[in-house]
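J.: Take a look at this one; I'll ask things after.
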Amino acid sequence: MQKNLTPDKKDMKLKLSDLQEKINRLETLINTSMVFSSILDLGELLNIVMTKAEEVMEAEASSVFLIDKSKKELYFITARGEKGKEAKEIRVPMGKGIVGWVAEHGRPLLVPDVTKDSRWFKGVDKKTKFVTRSIIAVPLISKGKIIGVSEVLNKKGNRNFNENDLELFEALGNQIAIAIENASLYTELDELFLSSIRAIVEAIDAKDPYTKGHSSRVVEYSLLVGEALADISKDELKQLEVSATLHDVGKIGVPDRILGKTGKLTPVEYAYMQRHSEFGSAIIEPIAKLRELIPNIMHHHERFDGKGYPDGLKGERIPLFARIICIADSFDAMTTDRPYRKKRSIQKALLELERRSGTQFDPKLTKIFIMVCKRRKLT
Ligand SMILES: [Fe+2]
């Protein structure tokens, strides 16, 4: 009797640990799905997912490759692990190595010992000085087409990957493929949206030959400052770009006879012209995607000393991006011809920015703008 009990208990233990493993894996899949639905930046998303994949499969490193169809090569979109940075510069020809084989055949591979596999391509290890022992590589398939390959390398503790690992990694591969598809759809939509906005704004700028190209230059100058700021995210830079693009969209509500007037504006006309920041905010208000940018557009004519419009906000109460756009806008106005005056040289415009730093402009941001301009040899 005793003899019979022991194997049963063992079996039960095995089954319990199997079950626990399955629960852990299910949890990983659910967690990754949640990550997928909340992050649309592909690089960031894959980094999180592959960190989790490495953790669950106890792998030393992992990568995701995409296929460059025109060059018939695979390139790294994510390469994690000690030598990830070096690996990112490498391209793998289609059909070459284990990854190339998976991309060509669209089938997953579990290779417990790469040295015994004739498909093994040593090129990547040679360049990265990473020593690959074992690999699981799965194809990334979207709408029936192979778009890339995902792999995990070396099971920790000198162990081998097993069929369970392969099964889980295949499931993750399916989700990664969907995420890539979603992210590229999102990027396409975003690009479409941005190019529509640009087209509208360019049409407004072009109404007046003196402001042609103004908004795109304001974007360029604003981003010079934005990129020089510490701790600014990609998303925030995008917000700055769209805000700068749209800063004068409200001019569409200002009559042409005021916009194009070559002589001095009457006080009434000037007051009307000033209302363009409010008009701009009202125009974008109904667009949910743009609503959070309203303060940047509304306040791009505020002055650091509180003497600007429309609300006379002072110092850092003026939104950061509005303060940046204000500098970029004034710099472009100074360095382009206007009907009532000739343009200044870039050096003179920078001196003027310096002179008005602390009164009209945020002194810290002005300093950054001047520094970046000099570094980029805009002068
Ligand atoms: Fe403006």
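The sequence shown runs 916 to 1294 under my numbering.
Built from N, CA and C at the ideal position, the CB exists for glycine as well.
Which partner residues does S977 have in the DSSP bridge list?
T.: To locate residue 977, count along the sequence shown from 1; it is residue 62. S977 pairs with V1067.
J.: Report yes if the CB atom of I1242 is closer than 8 Å to the CB atom of F1219, and no otherwise.
T.: By 1-based counting over the sequence shown, the position of residue 1242 is 327. By 1-based counting over the sequence shown, the position of residue 1219 is 304. Their beta carbons are not under 8 Å apart, which means I1242 does not touch F1219 by this criterion.
J.: Can you check the stretch 1118-1181 for any alpha helix (DSSP H) of at least 4 residues that lies completely inside it and give the ranges in chain order?
T.: Segments of the alpha helix (DSSP H) lying fully in the stretch 1118-1181: 1129-1143, 1149-1161, 1171-1174.
J.: So the alpha helix (DSSP H) E988 belongs to, where does it begin and stop?
T.: Counted from its first residue, the sequence shown places residue 988 at position 73. Element bounds for E988: not the alpha helix (DSSP H) but the beta strand (DSSP E), 988-994.
J.: Give me the residue from T1251, K1229, V971, H1215 with the minimum Cα distance to F1236.
T.: On the sequence shown, position 321 is the one that residue 1236 refers to. Checking every option, the nearest Cα to that of F1236 belongs to H1215.
J.: Answer with buried or exposed for L920, where buried requires no fewer than 16 other C-beta atoms within 10 angstroms of its C-beta.
T.: Taking the first residue of the sequence shown as position 1, residue 920 is located at position 5. In this prediction, L920 scores a pLDDT of 43, lower than 50, which makes its location untrustworthy; no coordinate-derived value is stated.
J.: Cα separation between Q1154 and K1258?
T.: Start at 1 with the first residue of the sequence shown, and residue 1154 comes out as number 239. Start at 1 with the first residue of the sequence shown, and residue 1258 comes out as number 343. Looking at the two C-alpha atoms, the distance is approximately 29 Å.
J.: For L1266, report the span of its alpha helix (DSSP H) as first-last.
T.: Locating residue 1266 in the sequence shown gives position 351, where the first residue counts as 1. Residues 1261-1270.
J.: Contact between the stretch 973-988 and the stretch 1062-1071 is defined here as three or more beta-carbon pairs at a separation below 8 Å; is this criterion met?
T.: Verdict: yes, contact present.
J.: Answer with buried or exposed for I1202, where buried requires no fewer than 16 other C-beta atoms within 10 angstroms of its C-beta.
T.: The residue labelled residue 1202 in the question sits at position 287 within the sequence shown. Exposed, by the Cβ-count rule.
J.: On a CA-only basis, which of G1063, G1059, N1075, S1192 is nearest T1047? Give me that one, please.
T.: Against the sequence shown, residue 1047 aligns to sequence position 132. The shortest Cα separation from T1047 among G1063, G1059, N1075, S1192 belongs to N1075.
J.: Do I1091 and V1007 have their CB atoms nearer than 8 Å?
T.: Locating residue 1091 in the sequence shown gives position 176, where the first residue counts as 1. Locating residue 1007 in the sequence shown gives position 92, where the first residue counts as 1. Contact: no.
J.: Am I right that E1267 and M1249 are in contact with their C-beta atoms under 8 Å? What's the rounded C-beta distance?
T.: Counted from its first residue, the sequence shown places residue 1267 at position 352. Counted from its first residue, the sequence shown places residue 1249 at position 334. Confirmed, Cβ separation roughly 6 Å.
J.: Tell me whether the beta-carbon of G1223 lies closer than 8 Å to the beta-carbon of H1191.
T.: Indexing the sequence shown from 1 puts residue 1223 at position 308. Indexing the sequence shown from 1 puts residue 1191 at position 276. For G1223 and H1191, no; Cβs fall outside 8 Å.
J.: Since I believe V1157 is in contact with L1109 (beta carbons under 8 Å), could you give me their beta-carbon distance rounded to a whole number of angstroms?
T.: If you number the sequence shown from 1, residue 1109 lands on position 194. If you number the sequence shown from 1, residue 1157 lands on position 242. Indeed, because the Cβ distance is near 7 Å, the residues count as touching under 8 Å.
J.: In or out: K1031 buried (at least 16 other Cβ within 10 Å) or exposed?
T.: Position 116 of the sequence shown, counting from 1, holds the residue named residue 1031. Exposed.
J.: Among E1151, E1085, K1179, G1038, whose alpha-carbon lies nearest the alpha-carbon of P1023?
T.: Numbered from 1 along the sequence shown, position 108 holds the residue referred to as residue 1023. Nearest C-alpha to P1023: E1085.
J.: Have a look at K1042 and M972 and give me their C-alpha separation to the nearest angstrom.
T.: The sequence position of residue 1042 within the sequence shown is 127, counting from 1. The sequence position of residue 972 within the sequence shown is 57, counting from 1. Distance between the alpha carbons of K1042 and M972 is about 25 Å.
J.: In or out: R1290 buried (at least 16 other Cβ within 10 Å) or exposed?
T.: In the sequence shown, the residue the question calls residue 1290 occupies position 375. So R1290 counts as exposed.
J.: For M916, which residues in the same chain have their Cβ closer than 8 Å to its Cβ, ignoring the five residues on either side in sequence?
T.: Residue 916 sits at position 1 when you count from the first residue of the sequence shown. No answer about M916 holds up, because its pLDDT of 40 lies below 50 and its placement is not dependable.
J.: Near G1227, what residues of its chain come up, given a Cβ to Cβ distance below 6 Å and the 5 sequence neighbours on each side ignored?
T.: Reading the sequence shown from its first residue, position 312 is the one you call residue 1227. Correct list, in chain order: G1221.
J.: Rank M1188, I1013, E1151 by C-alpha distance to the C-alpha of D1171 and give the top, closest one.
T.: As a first step, residue 1171 must be located in the sequence shown, where it is residue number 256. Closest option to D1171, Cα to Cα, is M1188.
J.: Tell me whether I1199 sits in a helix, a strand or coil according to DSSP, three-state version.
T.: Position 284 of the sequence shown, counted from the first residue, corresponds to residue 1199. The answer is helix: DSSP assigns I1199 an H, G or I state.
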